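>
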Amino acid sequence: MSPFIFAVTLTFAILALGILRRRYFHPLSRFPGPFLGSVTSLYQTYWHVHPNKTLHDTELHRKYGPIVRYSPNGLIVNDPALLPVIYNRRANKTDFYAPVFDTHSTFTRKDYREHVASRKAISHAVGFLAFFRTEYSYGLVLLMIIFKQYSVTNTRLFEPQVDGILSELAGSSVTPSQLARVIFHISRNFKVQEKLYEELVAAEQDGRIPPLSAIISDEQAHRLPFLSACIREAQRYAPTMSQLPRYAPEGTGLELHEQYVPPGTSVSTSPWIIGRNKDLYGEDANSFRPERWLEASPEEERRWDHFSFHFGYGARKCLANNFGLMQLYKVAAEVCAYPIRCLLRYRAHHECRYFVVLKLKLKGRTRIQSVEGRLRVPGFALIAEQDPGHKHNGYINMDLFRA
């Protein structure tokens, strides 16, 4: 046998043994999943960048069950009851969270001990935000601050941030994306939009909120049950975050459905998967229906809130989630105070996965266009029609956020 043939044969033999070991003799072999996922991490890498990743994950859970082996050393989970187990306070983040530059924020700290230390260092700012939310959540100045962060012209891309505190506290990566989803799904559901507009008009007439031409405070916006239902439904139905992996704790590992998961295993789920869980939200979990939040029993609502996942879960939940909610409520109330109409012009059955440039002018016609890099792709148009009974002073200009 020639040296070349021997080398090739030996290489294939080693690869075959590696595949057999990973597939049948690995500690995670007891968990079902796709063959390629169990033998190579390239499977996970491919689907992480694929635009249909969430739909693919849903199909995997339908085929293999609530726990799926997604990579040689990774599991994905679709069981709300396991959230406290996966996201326990001692669970370290994986390399998935590694920053592009050698700078860290509380979000990118992988070791739970480092996260606790950095969280304590900025906890005083959270108290300030809580005060700010209750006392000073009224004026146009706040809206200007909020919208300025969306502007491409006012953003210096890839500028290193030593601690990333501002980004962490302001929820600048999550809130704009969620706001886009709220407005998008309200505008494309005409019955929902009409019901919300009627609620706003009725609230103005009975004095729960000021005239629609004025700025609505956060407290006043929270008095609108259907607006709250629309926001909560959009957070459930179209969350902004994807997989949030954690390592099984050192020394102890995890137990999932009476199966042992060794330390160092990557275990994750996503707000999208949990938000579409039919055992939790019913058979219509794949439908955008805000009324579910008004029809729910107190026990159901408590259960849904307990497994709420759009700002993270457990000890690493977003520090300023209340501040982010304030932005959602105030801006959604301001925008939806005017009849809007969405004209769909893109190929997607219920998801919008591109960046969106939005110029929202409350007087006259407004258009939204999707942008991916320098390539403009078909998006959707939003038409804001001024209510003849009200006059609005000026317009809002939001430049870049994800729908």
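Quick note on numbering: the sequence shown equals residues -18 to -1, 1 to 385 in mature numbering (1 follows the signal peptide of the UniProt record, and there is no 0). The beta carbon of each residue, even a glycine, is placed where N, CA and C say it ideally should be. Computed from a prediction, not measured in an experiment: that's the story for all the values here.
With contact counted as at least three CB pairs below 8 Å, one residue from each stretch, are the stretch 16 to 34 and the stretch -17 to -5 in contact?
Output reads no: the stretch -17 to -5 does not touch the stretch 16 to 34.
> Can you check DSSP and say which residues form a bridge with Glu237?
Indexing the sequence shown from 1 puts residue 237 at position 255. Partner(s): Tyr242.
> Have a look at Pro192 and Leu209 and give me their C-alpha separation to the nearest angstrom.
Counting from one through the sequence shown, the residue named residue 192 turns up at place 210. Counting from one through the sequence shown, the residue named residue 209 turns up at place 227. Between Pro192 and Leu209, the C-alpha separation is close to 16 Å.
> Note down the Cα distance separating Leu238 from Tyr6, rounded to an integer number of angstroms.
Taking the sequence shown and counting its residues from 1, the one referred to as residue 238 is at position 256. Taking the sequence shown and counting its residues from 1, the one referred to as residue 6 is at position 24. Each residue's Cα considered, the two are about 19 Å apart.
> By DSSP's criteria, Arg228 is part of a beta bridge. Which residues make up the other side?
On the sequence shown, residue 228 is found 246 positions in, with the first residue counted as 1. DSSP, once it has assigned bridges, lists Lys75, Val249 as partnering Arg228.
> Candidates Trp286, Asn268, Asn60: which alpha carbon is nearest Trp275's?
One-based indexing of the sequence shown puts residue 275 at position 293. Nearest of Trp286, Asn268, Asn60 to Trp275, Cα basis: Trp286.
> With distances taken between CB atoms, is the gap from Tyr229 to Thr247 smaller than 8 Å?
Within the sequence shown, residue 229 is the residue found at index 247, counting from 1. Within the sequence shown, residue 247 is the residue found at index 265, counting from 1. Result yes, Cβ atoms of Tyr229 and Thr247 sit closer than 8 Å.
> What does the Cβ neighbour count give for Thr76, buried or exposed, with the cut at 16 atoms within 10 Å?
In the sequence shown, residue 76 corresponds to position 94, counting from 1. With 16 or more Cβ atoms within 10 Å of its Cβ, Thr76 is classed as buried.
> Taking contact to mean at least 3 C-beta pairs separated by less than 8 Å, is the stretch 43 to 51 in contact with the stretch 209 to 227?
Output reads no: the stretch 209 to 227 does not touch the stretch 43 to 51.
> What are the residues that DSSP puts in a beta bridge with Ile58?
Numbered from its first residue, the sequence shown carries residue 58 at position 76. Answer is Val50, Ser250.
> What's the gap between the Cα of Val317 and the Cα of Gly306?
The residue you call residue 317 lines up with position 335 of the sequence shown. The residue you call residue 306 lines up with position 324 of the sequence shown. Their backbone Cα atoms lie some 17 Å apart in a straight line.
> Since Val67 and Leu236 should fall inside the 8 Å C-beta cutoff, what is the C-beta to C-beta distance between them, to a whole number of angstroms?
Here residue 67 is taken as the residue at index 85 of the sequence shown, counted from 1. Here residue 236 is taken as the residue at index 254 of the sequence shown, counted from 1. Sure, about 6 Å apart at Cβ, within 8 Å.
> Ordered along the chain, which non-local residues of its own chain (more than five positions away) have a Cβ less than 6 Å from that of Tyr118?
As a position in the sequence shown, residue 118 is number 136, starting the count at 1. Confidence in Tyr118 is poor, its pLDDT being 37 and thus under 50, which makes the residue's placement too unreliable to answer from.
> With burial defined as no fewer than 16 other Cβ atoms inside 10 Å of the residue's Cβ, what is the status of Tyr242: buried or exposed?
Translated into the one-based positions of the sequence shown, residue 242 becomes position 260. Label assigned to Tyr242: exposed.
> Thinking just about the alpha-carbon of each residue, which of Arg12, Gly(-1), Arg71 is nearest to the one in Thr22?
Against the sequence shown, residue 22 aligns to sequence position 40. Here the closest residue by C-alpha is Gly(-1).
> Are the CB atoms of Gly296 and Tyr28 nearer to each other than 8 Å?
If you number the sequence shown from 1, residue 296 lands on position 314. If you number the sequence shown from 1, residue 28 lands on position 46. Going by C-beta atoms, Gly296 is not nearer than 8 Å to Tyr28.
> Using DSSP with H/G/I as helix, E/B as strand and the rest coil, what is Gly15?
Counting from 1 along the sequence shown, the entry for residue 15 is found at position 33. Coil at Gly15, not helix or strand.
> How would you call Asn55, buried or exposed, if buried means at least 16 neighbouring beta carbons within 10 angstroms?
To locate residue 55, count along the sequence shown from 1; it is residue 73. Flag for Asn55 reads buried.
> From what residue to what residue does the alpha helix (DSSP H) around Pro158 run?
By one-based count along the sequence shown, residue 158 stands at place 176. Element bounds for Pro158: 157 to 169.
> What three-state label does DSSP hand Gly189 in the structure shown?
In the sequence shown, the residue the question calls residue 189 occupies position 207. It is coil, neither helix nor strand.
> For Ile(-5), count neighbouring Cβ atoms within 10 angstroms of its own Cβ and tell me buried if that reaches 16, exposed if not.
Taking the first residue of the sequence shown as 1, we reach residue -5 at position 14. Counting Cβ neighbours within 10 Å, Ile(-5) comes out exposed, since fewer than 16 surround it.
> Report the rounded CA-to-CA distance for Leu2 versus Asn268, giving the unit in angstroms.
Along the sequence shown, one-based indexing puts residue 2 at 20. Along the sequence shown, one-based indexing puts residue 268 at 286. Cα to Cα, the separation comes out at about 38 Å.
> For Ile147, which three-state DSSP category applies?
Along the sequence shown, one-based indexing puts residue 147 at 165. Confidence is the limiting factor: at Ile147 the pLDDT is only 40, short of 50, which leaves the residue's position unreliable, though a coordinate-based value still follows. Looking at Ile147 - three-state DSSP - the assignment turns out to be helix.
> Just verifying my parser: in three-state terms, what is the DSSP assignment at Leu264?
On the sequence shown, residue 264 is found 282 positions in, with the first residue counted as 1. The residue you asked about is not Leu; residue 264 is Gly in the sequence shown. Coil at Gly264, not helix or strand.
> From what residue to what residue does the alpha helix (DSSP H) around Gly(-1) run?
Walking along the sequence shown from the start, residue -1 turns up at place 18. It spans -16 to 6 - the alpha helix (DSSP H) in which Gly(-1) sits, taken as one unbroken run.
> Rank Leu310, Gly294, Phe289 by C-alpha distance to the C-alpha of Arg63 and give the top, closest one.
Numbered from 1 along the sequence shown, position 81 holds the residue referred to as residue 63. The sequence shown places Ala at residue 63, not Arg. The residue with the shortest Cα to Cα distance from Ala63 is Phe289.
> Would you kindly work out how many angstroms separate the C-alpha atoms of Ala203 and Pro245, rounded to a whole number?
The residue labelled residue 203 in the question sits at position 221 within the sequence shown. The residue labelled residue 245 in the question sits at position 263 within the sequence shown. So the alpha carbons of these two residues sit roughly 45 Å apart.
> When DSSP labels each residue in this structure, what does His32 get in the three-state scheme?
In the sequence shown, the residue the question calls residue 32 occupies position 50. DSSP places His32 in coil when its eight states are reduced to three.
> Does the Cβ of Lys312 have 16 or more other Cβ atoms within 10 Å, making it buried, or fewer, making it exposed?
For the purposes of this step, residue 312 is identified with residue 330 of the sequence shown, where counting begins at 1. Under this definition Lys312 is a buried residue.
> Going by DSSP, which residues form a beta bridge with Gly294?
Taking the sequence shown and counting its residues from 1, the one referred to as residue 294 is at position 312. Per DSSP, His292.
> Sort Phe291, Arg284, Ala315, Leu24 by Cα distance to Met223 and report the nearest one.
Here residue 223 corresponds to residue number 241 of the sequence shown, with the count starting at 1. Answer by Cα proximity: Phe291.
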